[in-house]
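A.B. asks:
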Amino acid sequence: MIIVLKPDASESQVDHIIDRLRDLGLKSQISTGQERTIIGVIGDDRILHNQPLTALPGVESVLPILAPWKLVSREFKKESTIIDVNGVKIGGKKIAIMAGPCAVERLELTVGIAHEVKAAGASILRGGAYKPRTSPYSFQGLGREGLDYLVEARKQTGLPVVSEILDTRDIELFLEKADIIQIGARNMQNFELLKEVGAYDKPVLLKRGLSATIKEFLLSAEYIMSRGNQNVMLCERGIRTFETQYRNTLDIAAIPTLKELSHLPVIVDPSHATGKWDLVAPMSRAAIAAGADGLLIEVHSNPERALCDGEESIKPSKFKALMRDLENIAKVVGREL
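For what it's worth, full-length UniProt numbering labels the leading residue of the sequence shown as 1, then goes sequentially.
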């Protein structure tokens, strides 16, 4: 349910409505739009069936949200959400480019890549300190040490950092050292982890699962938002299909679909979506043309020696050339880098 407030609803009236919902065992979230302020009601809708909420002072109407994802939906919030990450706006007219190594390896390499992607126009540094790998014998990341390298790179370049969390026990560490907490594809339905990051205001980048439907993807985002964290970004990173020519199939149609169904920013990861460095540029261009709010691109100075996913990483020189292409495409669709 959403409660639409009258334009002149006072602060005390809003507080009274929230108190009433709390008395009924329901939670609420306020969304302030350009024309109206609404209150999203979280909980069992059956509780509200016999409640005269329209009689409460300040209430204009009470409407059901038809989508199974409530807080994530355009019904709850018509305006697109813009997330501020240390001054970098994600979801507005400006497209956010997140770039860096798949895995953090050495301090000097991490800092060097950070300087190069920033010079090319990236606004956020990506880097994996903890790496979920299919094989237990593959490089698992540097862990806390890797996060420290990212912190140093942020200190030297000013770029906010996005990195992936794997365990609820590491939440305090990520709250301290990361600017955006990434939930990877393998953990999209790790509901305890979703609820844990949802308990804080730290921005979350949620990746779509390998075989997840749009419905499942949005409901995972709902898990985070239902705990109070409204700073959620959706990341399309390719889905598993019958095709074996590339790593995954990038679902370009998911971009406009997600933006129609949800107010949350949509990011695209063309690196994991294809698994091939030579497909990163064309898929990046296609994503921006389709309406993506940002990109998550793997950049490595020496991909052939990378400890993780070197085959899908592009060199800084190619990233710089790609940024020029993306700038031109962004102008065509009324956006900017």
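Glycine residues also receive a C-beta, built at the ideal position from the N, C-alpha and C atoms.
Considering only the beta carbon of each residue, do Gly91 and Ile97 sit closer than 8 angstroms?
C.D. replies: No, the Cβ-Cβ distance between Gly91 and Ile97 is not below 8 angstroms.
A.B. asks: Give me whichever residues DSSP pairs with Gln182 in a beta bridge.
C.D. replies: In DSSP, Gln182 forms a bridge with Glu164, Leu205.
A.B. asks: Can you grab the Cα-Cα spacing for the pair Trp69 / Arg144, in whole Å?
C.D. replies: Going by the C-alpha atoms only, they are around 35 angstroms apart.
A.B. asks: Ignoring anything shorter than 3 residues or poking outside the stretch 267–324, list the beta strand (DSSP E) runs there in chain order.
C.D. replies: Here the runs fully enclosed are 294–298.
A.B. asks: CB-CB under 6 angstroms to Arg154, same chain, minus the five flanking residues each way: which ones, in chain order?
C.D. replies: The residues are Val161.
A.B. asks: Name the two residues that bound the continuous alpha helix (DSSP H) containing Thr157.
C.D. replies: Unbroken alpha helix (DSSP H) run through Thr157: 144–157.
A.B. asks: How would you write the range of the beta strand (DSSP E) that Arg126 sits in, first residue to last?
C.D. replies: From DSSP, the beta strand (DSSP E) with Arg126 extends over 124–126.
A.B. asks: Check the DSSP bridge columns for Ser61 and list the partner residues they point to.
C.D. replies: Looking at the DSSP assignment, Ser61 forms a beta bridge with Val4.
A.B. asks: Along the chain, where does the beta strand (DSSP E) containing Ser135 start, and where does it finish?
C.D. replies: Careful: Ser135 lies outside any beta strand (DSSP E) and carries neither H nor E.
A.B. asks: From what residue to what residue does the alpha helix (DSSP H) around Gln13 run?
C.D. replies: Segment 11–23, the alpha helix (DSSP H) holding Gln13.
A.B. asks: Looking only at its own chain, which residues have a Cβ that is under 7 angstroms from the Cβ of Glu105, when we skip the five neighbours before and after it?
C.D. replies: Contacts found: Leu307.
A.B. asks: Run the CB neighbour count on Ala199, radius 10 Å, all protein chains shown included, and call it buried at 16 or more, exposed below.
C.D. replies: That one is exposed.
A.B. asks: Could you give the first and the last residue of the continuous alpha helix (DSSP H) run that contains Ala119?
C.D. replies: Residues 107–120.
A.B. asks: Tell me the residue span of the beta strand (DSSP E) that contains Glu236.
C.D. replies: Its beta strand (DSSP E) spans residues 232–236.
A.B. asks: Determine the extent of the beta strand (DSSP E) in which Ala221 is found, giving its start and end residues.
C.D. replies: Here Ala221 belongs to no beta strand (DSSP E); instead the alpha helix (DSSP H) covers 214–226.
A.B. asks: In terms of DSSP beta bridges, what is Asp84 paired with?
C.D. replies: According to DSSP, which records beta bridges pairwise, Asp84 is partnered with Lys89.
A.B. asks: Whole angstroms is fine: what's the gap from Leu63's alpha carbon to Thr274's?
C.D. replies: If you take the alpha carbons of Leu63 and Thr274, they lie about 42 angstroms apart.
A.B. asks: Just verifying my parser: in three-state terms, what is the DSSP assignment at Arg100?
C.D. replies: Before going further, note that residue 100 is Gly rather than Arg in the sequence given. In this structure, Gly100 counts as strand in the three-state DSSP scheme.
A.B. asks: Roughly how many angstroms lie between the CA atoms of Leu210 and Asp201, to the nearest whole one?
C.D. replies: Going by the C-alpha atoms only, they are around 26 angstroms apart.
A.B. asks: Does the beta-carbon of Ala122 have 16 or more other beta-carbons within 10 angstroms, so that it is buried, or is it exposed?
C.D. replies: Classification for Ala122: buried.
A.B. asks: Please report the residue range of the beta strand (DSSP E) in which Pro40 lies.
C.D. replies: Rather than Pro, the amino acid found at residue 40 in this sequence is Gly. That run of the beta strand (DSSP E) goes 37–42.
A.B. asks: Just to confirm, are Arg335 and Lys93 a CB contact at a threshold of 8 angstroms?
C.D. replies: Yes, Cβ-Cβ distance for Arg335 and Lys93 is below 8 angstroms.
A.B. asks: Check this for me: beta carbons of Val268 and Glu236, under 8 angstroms apart or not?
C.D. replies: Yes, these two residues count as a Cβ contact at 8 angstroms.
A.B. asks: Between the beta-carbon of Met150 and the beta-carbon of Ala129, is there less than 8 angstroms?
C.D. replies: Checking the sequence, you will find Leu at residue 150 rather than Met. A contact, by the Cβ cut-off of 8 angstroms.
A.B. asks: Taking just the CA atoms, how far does Arg36 sit from Pro7?
C.D. replies: If you take the alpha carbons of Pro7 and Arg36, they lie about 6 angstroms apart.
A.B. asks: What do you get for Lys207, buried or exposed, if any count of 16 or more other CB atoms within 10 angstroms of its CB means buried?
C.D. replies: That one is buried.
A.B. asks: Please return the same chain residues whose Cβ sits closer than 8 angstroms to the Cβ of Thr168, not counting the five positions on each side in sequence.
C.D. replies: Cβ within range, chain order: Glu192, Leu193, Glu196.
A.B. asks: Where DSSP assigns a beta bridge to Glu336, which residues make up the other side?
C.D. replies: Answer is Lys94, bridged to Glu336.
A.B. asks: DSSP on Thr249, reduced to helix/strand/coil?
C.D. replies: DSSP places Thr249 in strand when its eight states are reduced to three.
A.B. asks: Whose C-beta lies closer than 8 angstroms to the C-beta of Leu66 among residues of the same chain, with five residues either side of it excluded?
C.D. replies: If we look at Leu66 and ignore the five residues flanking it on each side, its Cβ neighbours are Glu75.
A.B. asks: Grab me the residues of Ile329's own chain with a C-beta within less than 8 angstroms of its C-beta, minus the 5 sequence neighbours each way, in chain order.
C.D. replies: Around Ile329: Arg285, Ile288, Ala289.
A.B. asks: Under the assumption that Asn248 contacts Ile255 (Cβ atoms under 8 angstroms), give the Cβ distance between them as a whole number of angstroms.
C.D. replies: Actually they are not in contact, since the Cβ atoms of Asn248 and Ile255 sit about 15 angstroms apart, beyond 8 angstroms.
A.B. asks: Would a C-beta distance cut-off of 8 angstroms place Ile3 and Val72 closer than the cut-off?
C.D. replies: For Ile3 and Val72, no; Cβs fall outside 8 angstroms.
A.B. asks: At the level of alpha carbons, what is the spacing between Phe139 and Ala114?
C.D. replies: C-alpha separation (whole angstroms): 21 angstroms.
A.B. asks: On the DSSP letters alone, give me the boundaries of the beta strand (DSSP E) that Thr32 sits inside.
C.D. replies: Start and end: 27–32.
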